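For reference, the structure is listed below as C-alpha cells.
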Amino acid sequence: MGTRGVGNGLDDETLESVWEALQKTNLVVFVHPHYGVDSKSFGNKANGHVLPLALGFPFETTIVSWVTRLEPPPYEISQAITRLILAGVLDRFPNLRLLLAHSGGALPQLSSRLASCIAHDPIVAKRLKHDARYYLGKLYFDAVAYGPEELGFVSEVIGRAEAYNTTGGEYDAEIGSTRLLFGTDHPFFPPLEVSQKWQSVEDNLKAIRSVRIWEDSARANVLGLTALKLFNLEC
C-alpha cells in the first residue's frame, strides 16, 4: 500500500472497511512510499539520486509530500503513518499487520517529539487510548537501515513501546527483533558487474549481524524467524 492510500492519506475514513477486512483476514500490508519528497526540496545541485533515495522515500514513510496543481502552496505535506496513529486507526484495529519500509523512516526518531506535541494538544490527546510511543510496538519494520546503530535504535524504540501502554507495561529488550524483518532494498543499487554481489543486500546483512545489543537469537529473528511467524509460514 502506498503512503497516500486511495489519495487522501492513511487516515481517510474510506479505508475503514479496508482496515477491518485486513484485520479480519490477518493479511500483512507492506507500506512503501512511491513519490518521495517533492524534488524542488533538494535544490539545484547535481546530486543524482542520493537525496531522493536516502531522504525522500524514508521521509514519505513518515510524511507524504506531493506537488499540487494549485498555487500557492506548491505542495501539501500530510502525515502518513503519523496520521494513521493520530486518527486512532490502531486503537480501532489493534491487530493490523502493517510492515513499514525503510525501518519506519523518521518515525522512530521523532516518536517522543510526537508524543510531547500530542500531550500539549488536549483535542488530539483525547482521541488516543495510549501514548503515541506505544503504537510503534504494534507495527513491523523492515531492517533496511544499512547500519547497526540505526537498527539497534529502532529495536530499542520498539522495546520500550509497552512501557507507554495506559494499562501498564515495561521495557522489553527482546521484543524489538520480533518486529524487524530483513530486507534487500531491491531493486536499488544493483551491482555494476555480473561477478559482483548485490551491495545493498550485503550491507544490510552486515548491519544486522553487527547490532551490539542483539544476541544470536535476536539476529535469527530478523534474518528469518520474524518473517516466518508474520506470514504464517512453516520452516
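Per my numbering, residue 72 is the first one in the sequence shown, and the count goes up by one each step.
Backbone N, C-alpha and C define an ideal beta-carbon position, used for all residues, glycine too.
These figures come from a predicted structure and were not determined experimentally.
If you draw a 10 Å sphere on the C-beta of ALA190, you find fewer than 16 other C-beta atoms in it, and that means exposed. Here the alpha carbon of ALA92 sits roughly 43 Å from the alpha carbon of LEU263. In the same chain as GLN94, and ignoring 5 residues on each side of it, the C-beta atoms closer than 6 Å to its own belong to PHE164, ASN166 and LEU167, in chain order.
Using a 10 angstroms sphere on the CB of VAL195, the tally of other CB atoms stays under 16, which defines it as exposed. The continuous stretches of beta strand (DSSP E) do not include VAL228, which lies in the alpha helix (DSSP H) extending over residues 219-230. Counting only runs that start and end inside the region 179-204, the alpha helix (DSSP H) elements of at least 4 residues fall at 193-196. A Cβ-Cβ separation of about 7 Å places ASP256 in contact with ASN275 under the 8 Å criterion. Taking C-beta separations shorter than 8 Å and ignoring five residues to either side along the sequence, the partners of ALA216 in its chain run HIS173, SER174, LEU222, VAL225, ASN275 and ALA278, following chain order.
Here ALA186 is near ALA203, since their CB atoms are less than 9 Å apart. For LEU169, the uninterrupted beta strand (DSSP E) segment begins and ends at 168-171. For VAL160, the uninterrupted alpha helix (DSSP H) run begins and ends at 160-163, by DSSP. In this structure the region 234-254 lies against the region 286-305, because at least three pairs of beta carbons, one per stretch, are closer than 8 Å.
DSSP places VAL77 outside any beta strand (DSSP E), giving it a letter other than H or E.
Between VAL102 and THR85, the beta carbon gap of about 17 Å keeps them out of contact (Cβ cut-off 8 Å). Residue environment: ASP82 is assigned as buried (16 or more neighbouring CB atoms within 10 Å of its CB, all protein chains considered). Annotation: ASP274 is outside any beta strand (DSSP E); the continuous alpha helix (DSSP H) that includes it extends over 270-280.
Going by C-alpha positions, ARG154 is about 9 Å away from VAL160.
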